[in-house]
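The numbers in the numbering used here rise by one with no breaks, and the one at position 161 of the sequence shown is 201.
Idealized CB from N, CA, C, for every residue including glycine.
Being a predicted model, the structure only gives us computed values, none of them experimental.
A quick write-up on the structure given underneath.
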Amino acid sequence: MKFDLMTVIGIVVGIALITLAIYMGGNMALFWNLPSILITVCGSFTALLINYDFNQIKKVFRIVKQVFTTPGQDPRELIEIFAELARKARREGLLALEDDINRIDDPFFAKGIQLMVDALEAEMIRDILETDIAYTVQRHRLGQEVFRTWANLAPGFGLIGTLIGLIQMLAKLDDPSALGPSMAVALLTTFYGALMANLLLTPIAGKLALRSEEEVLNKRLILEGIIAIQSGVNPRILEEKLNAFIPVQGRREETAQEESVIFNA
C-alpha cells in the first residue's frame, strides 16, 4: 500500500485555514475550552459505545489506516499478472501455478490460486471467493456506518454543551458583564461538534467507502481472472475481459503509452 498524501493535506490545510481565520479575527484563546471539548468529543464517543459493541469499534479503528493509504495494486498490474499466469497455465498446466502462490502478497489472490490448483470446480471457487467478498463489504460497511453515526452525534453533543452553557449563563443574569463571555463559551461546543463532523468524521466515512469500492473491484477482478484461467480462456481474451474493470480513461491512457513505445521503437 502507498501513503495517500491528499488525505493528510486535506486535514492539515482544513485545520490551518480555520486556525488562520480565527487568528485574523482576534483572540485565539477564546476558541479553547476544555469542558466544551470533553462534552463534544468524549460525550459523542460514549454514545457511540452505547450504539455499538466495543469489539466492533475496535475493528473499525483498525481499518482507519485505509484512509491514509491507497490500494495495494493497480488493476492494470493485476491484469498483467493474470495474463502471465494464463500463459504459464496453458504451457505447463494449472498445477504449475502452485509455485507462484508464495510470491503473491494479496491473501485473497493467493487463496484463489490455491483453490484453482486444488482442482476445485469453478462454481465452488466462485462461491468461496464471493463469500469472502461479501464479508469484506460487510466489514467495510460497518466502518463507514460507525463514522457516519459519530458525525451525527458530535453536533448533537455540541448542542447539549451549548444548552448547558446557556443555563449557566442565565443563572448569572444579575451580572450583565459576564453575559458576553458566557455566551461565547456556550457556543464553542456547537463549533467543536460542527468541526468534528464536517472536517473529520464525515470525510473519513466517505474515504472508507471509496477504499471499500476499490478493494472490492480488485477482488472481483481477481475472482473473474481465477475462473477464466481455470476454464482455459485464451490469455489475450482474458486480458480483454479483465480490462472491463478499468475505467475507459485508464484504458485509453494505457493504449496511448503502448502506441508511444511502439512508435519510439
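Cβ-Cβ separation, residue j to residue i (assumed contact under 8 Å), whole Å
i	j	result
residue 80	residue 201	6 Å
residue 137	residue 153	6 Å
residue 232	residue 77	6 Å
residue 267	residue 166	6 Å
residue 348	residue 270	Because the chain here runs from 41 to 305, residue 348 falls outside it and cannot be looked at.
Close beta carbons around residue i, own chain, < 7 Å, minus the five adjacent residues each side
i	result
residue 182	96, 100
residue 157	134, 135, 137, 138
residue 49	none
residue 336	In the structure displayed, the chain extends from 41 to 305; residue 336 sits before or after that span and is not available.
residue 155	165, 168
residue 209	219, 222, 223, 226
residue 92	186
residue 258	111, 113, 115, 118
residue 70	224
residue 128	136, 137
residue 42	109, 110
Buried versus exposed call for residue i [16 or more other C-beta atoms within 10 Å across all chains shown]
i	result
residue 251	buried
residue 90	exposed
residue 190	buried
residue 309	The structure shown does not extend to residue 309, since the chain is modelled only from 41 through 305, so no value can be given for it.
residue 59	exposed
residue 264	buried
residue 216	exposed
residue 241	buried
residue 74	exposed
residue 282	buried
Other residues of its chain near residue i: CB distance less than 6 Å, five sequence neighbours each side excluded
i	result
residue 229	76, 79, 80, 198, 201, 202
residue 55	none
residue 123	275, 279
residue 239	54
residue 205	225, 226
residue 83	197
Per DSSP, the bridge partner or partners of residue i
i	result
residue 43	109
Cβ pair residue i, residue j closer than 8 Å
i	j	result
residue 103	residue 187	no
residue 148	residue 262	yes
residue 256	residue 126	no
residue 85	residue 44	no
residue 144	residue 260	no
residue 275	residue 234	no
residue 249	residue 184	yes
Residues of its chain near residue i, where Cβ-Cβ distance is below 8 Å and the 5 sequence neighbours each way are ignored
i	result
residue 287	none
residue 192	237
residue 308	With the chain running from 41 to 305 in the structure shown, residue 308 is simply not present.
Interface flag, residue i vs chain E, CB-CB below 8 Å
i	result
residue 215	Among the chains in the structure shown there is no chain E, since it carries only a single protein chain.
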